[in-house]
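Structure, as structure tokens:
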């Protein structure tokens, strides 16, 4: 099991986040904490602000007001250069689909973040191969995204998100386009690997069966985090 | 908890070969880990009824160094009955007498707080779903465990969907009443 109670100081914390897209108020004072090594599911109806929350937490967009603190740093106030470095080295991101580069093979897609971080090609490819094996897609190295099934594509995307050894993986509906068995394979691979490596996961999902892979769940409704109930 | 026809489950276990009551109970509890464990009394009563109805018969006595145990085997009528039962569709039950449904309705009728109840029930469902997911994805889980966890997870998920829709309906209803 992952460490859900070990550290008192959260790895990532957001306080009173407010964010509007034009006239639509996506977040209305959302607060959330993610501890090191924890797998946290954020659930709620579509349009409830889940993806906007993930974008703010991952430093992809800045909130209008409120604070995001990552490992002691105010993420919402960091210059773009430092944010970009964090996203490349400490954060991994997986979306529902579309994040792999269609022209590159599975192996090159996974090796890409390492090459961008300055690794040599041979070393990057060797490590990418190891990660493809951990996600059960060994033997698919030379296939391009269009030649793989949805479940295989998502496992390659997960390998790419984890290859740099990030502290947090942000996963936005990673199984949203998959059938139940492919979804199970992806979630099992993600949670086993994250728990082994101590990586925290912030998992956005509308699916309770996917949320059940997490250690904990918070619900987002109308742009705020709903009060948590303690199960009897 | 899963409720099943003990009579047919025992016939199914006997289809793999003669067996005694103790062994049948053990195999039942292994094969259906999410079901209520069978009581020994229930196993022996059911076996006696199967013999009475000609669906099973006594194969012999097995002592094997320990206490004497009566070994049973399925008859041809038993095998026929099992095949018929296994192929017969179960009525798609609407489950409208479910306790969760009843509590929400009573709460609405009595001016209670159904929304608070639904949130707490959801948390309890999610806790159980996390436990089942951990059981299902543990390394070395056998097929029976995985299938039974899948079955329970899908039914809990169906409850959750109904609870989510109900909570949304109650919110809409309250807003309409307040606006009126």
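Residue numbers (our numbering), protein chains in the order written: chain A, 1 to 232; chain B, 1001 to 1180.
Even glycine gets a Cβ: it sits at the ideal position worked out from N, Cα and C.
Fair warning: this is a prediction, and the values are worked out from it, not measured in the lab.
{"Item": "Contact criterion: CB-CB distance below 8 Å. Does residue 1064(B) meet it with respect to chain A?", "Value": "no"}
{"Item": "How big is the Cα-Cα spacing for residue 1071(B) and residue 1038(B)?", "Value": "18 Å"}
{"Item": "Is the Cβ of residue 154(A) closer than 8 Å to any Cβ of chain B?", "Value": "no"}
{"Item": "For the alpha helix (DSSP H) holding residue 91(A), just list the boundary residues, first then last.", "Value": "Per DSSP, residue 91(A) belongs to no alpha helix (DSSP H); it is in the beta strand (DSSP E), 91-94."}
{"Item": "Which of the three DSSP states, helix, strand or coil, is assigned to residue 170(A)?", "Value": "strand"}
{"Item": "Give the interface partners of residue 217(A) over in chain B, defined as CB-CB distance under 7 Å, in chain order.", "Value": "1126"}
{"Item": "Counting only Cβ pairs nearer than 8 Å, list the residues of chain A close to residue 1133(B).", "Value": "209, 212, 213"}
{"Item": "Under 8 Å Cβ-Cβ, which residues of chain A neighbour residue 1170(B)?", "Value": "Chain A residues near residue 1170(B): none, gap ~13 Å exceeds 8 Å."}
{"Item": "For the beta strand (DSSP E) holding residue 213(A), just list the boundary residues, first then last.", "Value": "Where residue 213(A) is concerned, there is no enclosing beta strand (DSSP E), given that its DSSP letter is neither H nor E."}
{"Item": "Looking only at C-alpha atoms, which of 1118(B), 1022(B), 1137(B) sits nearest to residue 1170(B)?", "Value": "1118(B)"}
{"Item": "Can you list the residues of chain B that residue 188(A) reaches, using a CB-CB cut of under 8 Å?", "Value": "1137"}
{"Item": "Could you name the residues of the same chain whose beta carbon sits closer than 7 Å to that of residue 30(A), not counting the 5 residues immediately before and after it, in chain order?", "Value": "14, 17, 49, 53, 220, 223, 224, 225"}
{"Item": "On the CB-based measure, 16 or more other CB atoms within 10 Å of its CB, does residue 1052(B) come out buried or exposed?", "Value": "exposed"}
{"Item": "Could you please tell me which residues of the region 1143-1154 of chain B, in chain order, have their CB closer than 9 Å to any CB of chain A?", "Value": "1150, 1153, 1154"}
{"Item": "For the putative contact between residue 34(A) and residue 202(A), defined by C-beta atoms under 8 Å, what is the C-beta separation to the nearest angstrom?", "Value": "6 Å"}
{"Item": "Give me the subset of the region 1028-1054 of chain B whose CB atoms are less than 9 Å from a CB atom of chain A, sorted by chain position.", "Value": "none"}
{"Item": "Compute the beta-carbon to beta-carbon distance between residue 193(A) and residue 155(A), rounded to the nearest angstrom, for a pair I have assumed lies under 8 Å.", "Value": "At roughly 10 Å, the Cβ-Cβ gap does not stay under 8 Å, so residue 193(A) and residue 155(A) are not in contact."}
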